[in-house]
Amino acid sequence: MLDRMLALLASFNIVSCAIEKKEKMVRRYGPSPFFNLLTKDGDGATATLCLLGTEQAFISAGQNLKEAVLEGGIAFEKAHGMKAFEYVGTYPSCRRLFDKAMKDNSTFFLKKMLETYQGFKDVHVLVDVGGGVGVALGKIVSKYPHIKGINFDLPDAIAAALTLPGVEHVGGNMFDYIPHGDAILLKWVLHNWSDEHCVKILKNCYNALPNEGKVIIVDIILPVNPEPTTRSKGAFILDVMMMINFGGKERTKIEFEKLGKEVGFTRVEAQYIYGDVWVIELRK
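Numbers -17 to -1, 1 to 267, taken from mature numbering (1 follows the signal peptide of the UniProt record, and there is no 0), label the letters of the sequence shown in order.
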């Protein structure tokens, strides 16, 4: 049974396979480059994201997609009678898995980001909106110790936050207000929300920033042309997942520019990081 399961994984290049011919054919399996993304090596892993994506709550949301298309609304809310973030806050096991998945994802991509993105050098107070347990902000402040970090998230997320040097944890709701800083980090935040919600979030960011302040968005930039490439497939799969579970969306560069200018930001710049992930800066 194990050999048959591993053979299936090898056909998707999740594990490697070598054939040995002795008295009879023997398959020898090993880790592939993709497999390494699932292991815990201190740099983050995508395994918990896979577990989150296959959590029963999100699978059952997809089963309500037809009703959402025909009747309007969000599939997750039709399945569970509450918003996805309310569900996560209601069920502790889901909260723990969600926080772990966001922590691991942040660790993995932040390493790539800190290798290439130089936009934190001139920041003095950095507010991480939706920062979860604070892992990302802790790593940024560790590399740039002159930064005062403010980790801002809902109270139930802050309750599980880590004690980190140079990081203050603040509970609140980004739709009500955002703490002041000269830079605000929105990492995997905007894709959870509709354009109308994003305008509210960005307006609160704008009001919390000084002149020449900036919003640092870490998100996927959706290709305009849905080509049959691995990168394109990943982006459009995530776009539909956001639609089903949160009523959100992935966005093209033009759509990010439109959101920024609608709120009042005068400059929009994008820098490629890794995979489908970009940093988009909105400056006052």
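Beta carbons: idealized from backbone N, C-alpha and C, even for Gly.
In chain order, what residues of the same chain have a beta carbon less than 7 Å from the beta carbon of residue i, not counting five sequence neighbours either side?
| i | result |
| --- | --- |
| residue 255 | 261 |
| residue 93 | 119 and 122 |
| residue 71 | 77, 78 and 81 |
| residue 186 | 246 |
Assuming residue i and residue j are in contact, meaning their beta carbons sit under 8 Å apart, how far apart are those beta carbons, in whole angstroms?
| i | j | result |
| --- | --- | --- |
| residue 132 | residue 149 | 5 Å |
| residue 196 | residue 267 | 5 Å |
| residue 176 | residue 184 | 7 Å |
| residue 198 | residue 265 | 4 Å |
| residue 91 | residue 127 | Incorrect: roughly 20 Å between the Cβ atoms, too far for contact. |
| residue 88 | residue 32 | 6 Å |
| residue 219 | residue 211 | Wrong, their Cβ atoms sit about 10 Å apart, outside the cutoff. |
| residue -3 | residue -16 | With 8 Å as the limit, residue -3 and residue -16 do not qualify as a contact, their Cβ atoms being about 11 Å apart. |
Could you name the residues of the same chain whose beta carbon sits closer than 6 Å to that of residue i, not counting the 5 residues immediately before and after it, in chain order?
| i | result |
| --- | --- |
| residue 225 | 174, 231 and 232 |
| residue 340 | For the chain, the structure presents residues -17 to 267; residue 340 sits outside this window and is missing. |
| residue 181 | 173 and 242 |
| residue 59 | 44, 67 and 228 |
Could you give the first and the last residue of the continuous alpha helix (DSSP H) run that contains residue i?
| i | result |
| --- | --- |
| residue 220 | 213 to 229 |
| residue 180 | 178 to 191 |
| residue 3 | No alpha helix (DSSP H) holds residue 3; the beta strand (DSSP E) holding it covers -3 to 4. |
| residue 70 | 67 to 73 |
| residue 130 | That residue, residue 130, is in no alpha helix (DSSP H); it is neither H nor E in DSSP. |
| residue 243 | 236 to 246 |
Under DSSP, the beta strand (DSSP E) around residue i begins and ends at which residues?
| i | result |
| --- | --- |
| residue 141 | Per DSSP, residue 141 belongs to no beta strand (DSSP E); it is in the alpha helix (DSSP H), 138 to 141. |
| residue -11 | That residue, residue -11, is in no beta strand (DSSP E); its alpha helix (DSSP H) goes -16 to -7. |
| residue 106 | Looking at the DSSP string, residue 106 is not in any beta strand (DSSP E), and its letter there is neither H nor E. |
| residue 200 | 197 to 203 |
| residue 254 | 250 to 257 |
| residue 20 | Careful: residue 20 lies outside any beta strand (DSSP E) and carries neither H nor E. |
With H, G and I counted as helix, E and B as strand and the rest as coil, what does DSSP make of residue i?
| i | result |
| --- | --- |
| residue 118 | helix |
| residue 62 | helix |
| residue 85 | helix |
| residue 56 | coil |
| residue 173 | helix |
| residue 144 | coil |
| residue 161 | coil |
| residue 151 | strand |
| residue 207 | coil |
| residue 36 | helix |
| residue 45 | helix |
| residue 98 | helix |
Relative to the ligand FMN, is the shortest distance from any of its heavy atoms to the C-beta of residue i smaller than 7 Å?
| i | result |
| --- | --- |
| residue 89 | Of the ligands one can find in the structure shown there are none, so the ligand FMN has no counterpart to examine. |
In chain order, what residues of the same chain lie with their CB nearer than 8 Å to the CB of residue i, ignoring the 5 residues before and after it?
| i | result |
| --- | --- |
| residue 214 | 206, 258 and 259 |
Segment contact flag, the segment 183 to 191 with the segment 3 to 16, C-beta cutoff 8 Å, min 3 pairs: no
Cβ pair count under 8 Å reaching 3, the segment 234 to 251 against the segment 200 to 210: yes
Inter-stretch contact (C-beta, 8 Å, three-pair minimum) for the segment 109 to 116 and the segment 124 to 141: With the cut-off at 8 Å, the segment 109 to 116 and the segment 124 to 141 touch.
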